[in-house]
Amino acid sequence: MLVRLAVMRSCVGLKPSARSMAVLWFAVWLVLFGGGGRPAAGQDALASVGEPQRVDLVAVGDLMVHETQLKTHWVASANAYLFDDDFRFITPYLQLADLAIGNLETVFAGPEKKYSGYPYFNTPDTFAEALARAGFDVLTVANNHALDMGVPGAIRTVEIIRKNGMAVIGGRARPEEDPLLIKEVRGVKVGLLGLSYETGPRGTARTLNGTVMPAAALELLETFRPYKLAEDLPLIEAKVRRLREKGAELIVVVLHWGEEYGKAPTAGQRLMAQHLASAGVDLVFGHHPHVVQKVELLPRPDDGRMLVAWSLGNFISNQRYEFLKRRDTEDGLLMRVVMERDGPGRPWRFAQIGAVPLWVHRHLRAGTWHYHILPLVEALANEAAFGLDTPDSRWRARNSWEQTMAVLGPGSATVPIHPPLPLASFSLLTAVVPPSAAPAAPATPAVPAVPPASSSVSSASPSPSSPSSCSPSPAAPTARPRRSTAPLPAASSAPSSALASPRRP
1 MLVRLAVMRS CVGLKPSARS MAVLWFAVWL VLFGGGGRPA AGQDALASVG
51 EPQRVDLVAV GDLMVHETQL KTHWVASANA YLFDDDFRFI TPYLQLADLA
101 IGNLETVFAG PEKKYSGYPY FNTPDTFAEA LARAGFDVLT VANNHALDMG
151 VPGAIRTVEI IRKNGMAVIG GRARPEEDPL LIKEVRGVKV GLLGLSYETG
201 PRGTARTLNG TVMPAAALEL LETFRPYKLA EDLPLIEAKV RRLREKGAEL
251 IVVVLHWGEE YGKAPTAGQR LMAQHLASAG VDLVFGHHPH VVQKVELLPR
301 PDDGRMLVAW SLGNFISNQR YEFLKRRDTE DGLLMRVVME RDGPGRPWRF
351 AQIGAVPLWV HRHLRAGTWH YHILPLVEAL ANEAAFGLDT PDSRWRARNS
401 WEQTMAVLGP GSATVPIHPP LPLASFSLLT AVVPPSAAPA APATPAVPAV
451 PPASSSVSSA SPSPSSPSSC SPSPAAPTAR PRRSTAPLPA ASSAPSSALA
501 SPRRP
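Written as structure tokens, this is what we have:
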């Protein structure tokens, strides 16, 4: 409620056109995010007899801290690296979901290993504290940077995540731990599995990002081999079955896969997704390309549907146009999916699918670079409040919106929002961009039907993904208590695939 009041107060004093846009966004926000939220203490899993059972999930893409970010997040007065301000505008979206999931594409190996960005990531523990306060519940560590600081760094990363009250998928601290996670949400057991692609073998040795995986790493990380997908798919399907045996009623698979900077899934990814759908998976959230890709609904043998977000892009990073000469790595997507059923044992249905385009705003204030993750639906309707106070920042934010909405055009999954607004969530989101403010963006697509069953999924084995660069450069209100016990730092002064490819240059 405090968040909603804050949004409404922001409408006061605006010019009529801006005020109407802010009110329109607020209405959209209520539909997409106002009905969720975690149950208050003592609230029953089912609000009352006969009401549908609902689970509200949010997922985002890659969480990265490059060298430039490390330098600018050091706060001398606190003698610490502080990251909370990055999330000031996106925190409400994370905290109002029942379950928020992200991909931690760095490690917490400790100061003894020296903090670093690309090519070997090692991030201060305060980043984990900030993620917990921002609203994350589950982090996957299954990605190509999991071993940047060796097996000890991978183990410590899992420990630091757990220390801050978040759960881990894709890796574990000890071999005897179960890699499959069951989280109870509103009385529903949600099963989660995280997996990362491996790079091509070096002789008989398996590799991750071009580095040989020691035996200990194979025991701790959840991975698959794109070059031996026919062998690994049955193993992955067995893990999905075991989640069901452990009592999972809703299954989410989080995958680090695909081609870096690729604009579409590969044939191997589609084959893998087809097998996951056949195994009864409900939701697949993907990342690694560092750019946004389509969202689709794939058929399942039980007449249900599996949602797959092929790539959610970057959530926070320093992969900027200034360094990479491409703008799409500044973009991300926050997927909000509300699953609903008529009671235990009944089939799930998609009550809502929301896609919120994101843009990482990097801007200079008082000689220091600041990073803010902007939900563009809101930011474009109230530019000044979100720090879009220069022509360049406004153009880049609108261009980011245009790029992402072009990806989420016809062919992306669109499921009608239940009454009172029987509109597709993507189309509804498109409508809130002020026509006078946006560049020549694509027209709002008509609401397509749920995609039919695919009849041309390739069965060819994919080429293994190349080692990743992840190179960036040449050289809000709190809606609920967080699990981290560390105090919230003061805000900053700124306003609110080829096998033989070398691992790194």
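Following UniProt numbering, the numbering of the sequence shown begins with 1 at its first residue and continues without gaps. Think of the CB as a built atom: it goes at the ideal place given N, C-alpha and C, for glycine as much as any other residue. Bear in mind the structure is a predicted one, so any value in this text is a computation, not a measurement.
Rounded separation between residue i and residue j - CA only
| i | j | result |
| --- | --- | --- |
| P391 | I101 | 33 Å |
| A47 | W401 | Below a pLDDT of 50, predicted positions are generally treated as unreliable, and A47, at 43, falls in that range; no measurement from the model is reported. |
| A217 | M272 | 23 Å |
| G286 | L364 | 32 Å |
| P175 | E222 | 11 Å |
| residue 507 | A397 | Because the chain here runs from 1 to 505, residue 507 falls outside it and cannot be looked at. |
| V308 | D62 | 16 Å |
| R362 | H370 | 6 Å |
| L297 | D282 | 10 Å |
| G345 | S116 | 48 Å |
| A248 | A215 | 30 Å |
| E129 | G304 | 38 Å |
| R320 | V60 | 18 Å |
| R156 | G50 | 45 Å |
| residue 517 | I316 | Shown here, the chain extends from 1 to 505; a query on residue 517 therefore has no answer. |
| K71 | A351 | 43 Å |
| A385 | T106 | 31 Å |
| D178 | W348 | 26 Å |
| W310 | A146 | 21 Å |
| K114 | E67 | 12 Å |
| L180 | G367 | 46 Å |
| P92 | Y120 | 32 Å |
| R88 | H73 | 14 Å |
| L408 | D84 | 29 Å |
| N314 | E260 | 12 Å |
| R162 | K246 | 21 Å |
| R336 | V185 | 15 Å |
| A205 | V240 | 26 Å |
| W395 | E322 | 15 Å |
| D125 | L131 | 10 Å |
| P375 | L334 | 8 Å |
Beta carbon of residue i nearer than 8 Å to that of residue j
| i | j | result |
| --- | --- | --- |
| I90 | I373 | yes |
| L233 | H275 | yes |
| G268 | P299 | no |
| V377 | V356 | yes |
| L324 | V254 | no |
| F224 | I160 | no |
| L358 | D389 | no |
Supposed contact pair residue j and residue i - C-beta distance, whole angstroms, cut 8 Å
| i | j | result |
| --- | --- | --- |
| L250 | V188 | 6 Å |
| A173 | V158 | 4 Å |
| L99 | L57 | 5 Å |
| D342 | P52 | 6 Å |
| T404 | V292 | 5 Å |
| G171 | L220 | 6 Å |
| E231 | A279 | Actually they do not touch by this definition, with Cβ atoms about 16 Å apart. |
| I169 | V138 | 6 Å |
| H256 | N382 | About 34 Å; that fails the 8 Å criterion. |
| V55 | F127 | About 28 Å; that fails the 8 Å criterion. |
| M306 | V338 | Actually they do not touch by this definition, with Cβ atoms about 16 Å apart. |
Residue range of the unbroken alpha helix (DSSP H) whose run includes residue i
| i | result |
| --- | --- |
| G400 | Checking the displayed sequence, the identity of residue 400 turns out to be Ser instead of Gly. Residues P391 to V407. |
| Y93 | T91 to Q95 |
| D125 | D125 to A134 |
| S278 | A267 to S278 |
| G150 | G150 to K163 |
| Y321 | Y321 to L324 |
| K263 | From DSSP, K263 is part of no alpha helix (DSSP H); its letter is neither H nor E. |
Endpoints, beta strand (DSSP E) assigned at residue i
| i | result |
| --- | --- |
| Q53 | Q53 to L63 |
| T207 | A205 to L208 |
| T368 | T368 to P375 |
Whether or not the stretch 129-142 and the stretch 188-200 are in contact is what I'm after, with contact meaning three or more pairs of Cβ atoms, one per stretch, closer than 8 Å; do they touch?
The stretch 188-200 makes contact with the stretch 129-142; the number of CB pairs closer than 8 Å reaches 3 or more.
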